[in-house]
Every structure is written in structure tokens, then in C-alpha cells.
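*Asks:* Sharing a structure here in C-alpha cells format.
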Amino acid sequence: MDKYANTSDVSTLYWSRRISGAEWKNPWLKGNSLEASTTAWGLRAMLASSLLEEAVPVARYLLQALGPVDQDPDVLDALAQFAETIKTTNKLRVAVTVASFEEPRQFNIDNDNALIIQTQLVR
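Here this note's numbering is used: the first residue of the sequence shown is 37, the next is one more, and so on.
Written out as C-alpha cells, the structure reads:
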């Protein structure tokens with residue numbers, strides 16, 4: 037897998053097809069869904085081989101490159117497998133109160149909702 041791997045910086049790792057000469061100028065060939073899907077399968081292979089430390093940069097790439105919207109099922113499934121694999125058995129319990137708004141808002145984070153994004157609309 038290392039032979040075909042790419043890095044955008046030292047903290048991410050992904051797989052894509054080789055882009056030649058003039059193709060580098062085409063923005064549609066960078067960060068495309070095929071690249072994400074291929075990288076997701078690479079993440080699954082690493083998890084199946086228990087290469088957890090090596091899988092972290094791959095998961096980071098998928099999260100940074102695509103963000104939380106418009107994810108394809110391969111990417112979502114691979115990230116879910118990664119989250120399940122690295123999940124700790126500790127009892128997580130955090131409460132954050134945001135009081136700088138008209139209505140104070142409290143975010144409660146525990147083992148059941150730790151992977152759910154909670155937001156506050158700013159007006």
C-alpha cells in the first residue's frame with residue numbers, strides 16, 4: 037500500500053491515481069470522490085490488519101478533505117469502523133455551557149452522543 041500512497045502533509049495519507057503533466061491544472065481531479073472511496077478502502081484494510089497508528093493519518097485525510105457533508109457510503113462506513121475501533125471503554129461525561137448568547141446553551145457529551153456534532157446558531 038505504501039508504494040501507491042500520497043501525502044498532502046505529514047499528518048494525512050491517501051491514495052489516488054497518478055496525475056500527469058497538464059492534468060495537474062484540472063481542479064476536478066483533486067479531492068474527488070474516487071480518491072475518497074479508494075482511501076476509505078485503504079482505511080478499512082489498515083483496520084482489518086490492526087494498523088491503528090498508521091490508520092490515523094488516513095482517517096484525518098478523509099475528515100479534512102471532504103468534511104461532514106456529501107460523504108459517500110464507503111467513506112462513512114470506513115470512518116464509522118475507525119471510530120468503533122479506537123473507541124475507549126472509559127465513561128465519557130463532559131458538560132459545556134455557552135453563556136455569551138441571549139439564551140445560554142448547555143452541551144452534554146457522553147458515550148452515547150460523543151460522535152454527534154452539536155451546534156449553536158450564532159445570531
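Every residue gets a Cβ at the ideal spot worked out from N, C-alpha and C, and that includes glycine.
Over what stretch of residues does the beta strand (DSSP E) that includes residue 131 continue unbroken?
*Replies:* Mapped onto the sequence shown, residue 131 falls at position 95. Counting along the chain, the beta strand (DSSP E) containing residue 131 begins and ends at 129 to 134.
*Asks:* For residue 111 and residue 143, I'd like the C-alpha separation in whole angstroms.
*Replies:* Counting from one through the sequence shown, the residue named residue 111 turns up at place 75. Counting from one through the sequence shown, the residue named residue 143 turns up at place 107. Taking the straight line from one Cα to the other gives about 27 Å.
*Asks:* For residue 83 and residue 141, what's the separation of their Cα atoms in angstroms?
*Replies:* Start at 1 with the first residue of the sequence shown, and residue 83 comes out as number 47. Start at 1 with the first residue of the sequence shown, and residue 141 comes out as number 105. Between residue 83 and residue 141, the C-alpha separation is close to 37 Å.
*Asks:* Can you tell me whether residue 109 is buried or exposed? The criterion is at least 16 other CB atoms within 10 Å of its CB, across all chains shown.
*Replies:* Looking up residue 109 in the sequence shown gives position 73. Exposed, because fewer than 16 other Cβ atoms sit within 10 Å of the Cβ of residue 109.
*Asks:* Determine the contact status of residue 150 and residue 128, defining contact as a CB-CB distance below 8 Å.
*Replies:* Numbered from its first residue, the sequence shown carries residue 150 at position 114. Numbered from its first residue, the sequence shown carries residue 128 at position 92. Yes.
*Asks:* Taking the CB atoms as reference points, tell me whether residue 121 and residue 97 lie closer together than 8 Å.
*Replies:* As a first step, residue 121 must be located in the sequence shown, where it is residue number 85. As a first step, residue 97 must be located in the sequence shown, where it is residue number 61. Cβ atoms of residue 121 and residue 97: not closer than 8 Å.
*Asks:* Can you check whether the CB of residue 92 is closer than 8 Å to the CB of residue 78?
*Replies:* If you number the sequence shown from 1, residue 78 lands on position 42. If you number the sequence shown from 1, residue 92 lands on position 56. Against a cut-off of 8 Å, the Cβ pair of residue 92 and residue 78 comes out as no contact.
*Asks:* Tell me which same chain residues have a C-beta within less than 7 Å of the C-beta of residue 90, skipping the five on either side of it?
*Replies:* Against the sequence shown, residue 90 aligns to sequence position 54. The answer, listed in chain order, is 82.
*Asks:* Could you give the DSSP three-state label for residue 156: helix, strand or coil?
*Replies:* Within the sequence shown, numbered from 1, the residue matching residue 156 stands at position 120. Of the three classes helix, strand and coil, the one that applies to residue 156 here is coil, per DSSP.
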